[in-house]
Structures are given as structure tokens and as C-alpha cells.
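Residue numbering for the sequence shown follows the working numbering, beginning at 1 and increasing consecutively.
Just so it is clear, CB atoms sit at the ideal spot from N, CA and C, and this is done for glycine as well.
Structure first, then comments.
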Amino acid sequence: MAKKLNESLCNTYEKDGQRIQISASIGIALGQAETESFEKLYEKADEALYEVKREQKNGYKIYEGQSRV
Numbered sequence: 001m002a003k004k005l006n007e008s009l010c011n012t013y014e015k016d017g018q019r020i021q022i023s024a025s026i027g028i029a030l031g032q033a034e035t036e037s038f039e040k041l042y043e044k045a046d047e048a049l050y051e052v053k054r055e056q057k058n059g060y061k062i063y064e065g066q067s068r069v
């Protein structure tokens, strides 16, 4: 699902004769709503986001507990 979303966001558009390239980096955190707060999940997703930006840009990274996918 993340790959499909990323592919749909990343495109080149033309406006007023100028080419505009759009890309996206996505950080994802998975967890149990009963055991993890929104803030903690957001923090993990943010960490995954910055990791993908450091590695490749224009991609996605999933953070799950101590292991990253």
C-alpha cells in the first residue's frame, strides 16, 4: 500500500511551460492502539521518515518496534 501511494504521489507535471517534479518520503509506524500512544507512534513514524530521507529520498520506511523493515 505504501509503495502504491508513493508511486501515485511521485510524478512530473507541466505548468506554464515549466516541468515540476514531485516526490514523497513516507515514514510508517505500526502498533497496537491499546498499548501505544499516538505520540509514541508518531515519533516512530517520524524516525522512519528521516531514515528514508537519509538513505534514498523518495521512498518509504516502516518502523516496527526495534526492527526496521
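Distance between ALA45 and ILE62, taken at the CA atoms: about 7 Å. Cβ atoms of LEU30 and GLU64 come within 8 Å of each other, at about 5 Å.
Going by beta carbons, TYR60 and ILE22 fall outside the 8 Å limit. With 16 or more neighbouring CB atoms inside 10 Å of its own CB, ILE28 falls in the buried class. With a threshold of 16 other beta carbon atoms within 10 Å, ALA48 meets it and is buried.
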